[in-house]
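Colleague: Under the numbering used here, the residues of the sequence shown are numbered 1170 to 1235, in order. In this text, a Cβ means the ideal position worked out from N, Cα and C, and glycines have one as well. To start, I am sharing the structure in question, which I have written as structure tokens.
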Amino acid sequence: MDVACLDFVLPNLDRGIKARYLAKDVRIRGKQKGTTIWVEKLENKEGQKYRLVWDILEQKKIEEAP
1170 MDVACLDFVL PNLDRGIKAR YLAKDVRIRG KQKGTTIWVE KLENKEGQKY RLVWDILEQK
1230 KIEEAP
């Protein structure tokens, strides 16, 4: 399904991350329900490949660190 023209809400992704990649070619992996996607991974296209730039598991490790 081509979703390039659809709008989605990404409630668990920080707005700073969203702003940084707003006009970029990205790939989002997560769980979709309606127009909401709970993001698990955010990848930014660099050349012909995608590079992981945000991961929920890494984010949780950062938040839980002392």
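What is the DSSP secondary structure of G1132, reduced to helix, strand or coil?
Modeller: Any answer about residue 1132 is impossible in this case: the structure gives the chain only from 1170 up to 1235.
Colleague: Mind checking which residues open and close the beta strand (DSSP E) that includes K1218?
Modeller: Translated into the one-based positions of the sequence shown, residue 1218 becomes position 49. Element bounds for K1218: K1218 to D1224.
Colleague: Suppose you measure from the CA of R1196 to the CA of A1234; what does that come to, to the nearest Å?
Modeller: If you number the sequence shown from 1, residue 1196 lands on position 27. If you number the sequence shown from 1, residue 1234 lands on position 65. Using only the alpha carbons, I get a separation of about 28 Å.
Colleague: May I have the straight-line CA-CA distance separating D1224 from E1209, to the nearest angstrom?
Modeller: Taking the first residue of the sequence shown as position 1, residue 1224 is located at position 55. Taking the first residue of the sequence shown as position 1, residue 1209 is located at position 40. Whole-angstrom Cα-Cα distance: 6 Å.
Colleague: Roughly how many whole angstroms lie between the Cα atoms of G1203 and P1180?
Modeller: Taking the first residue of the sequence shown as position 1, residue 1203 is located at position 34. Taking the first residue of the sequence shown as position 1, residue 1180 is located at position 11. About 13 Å.
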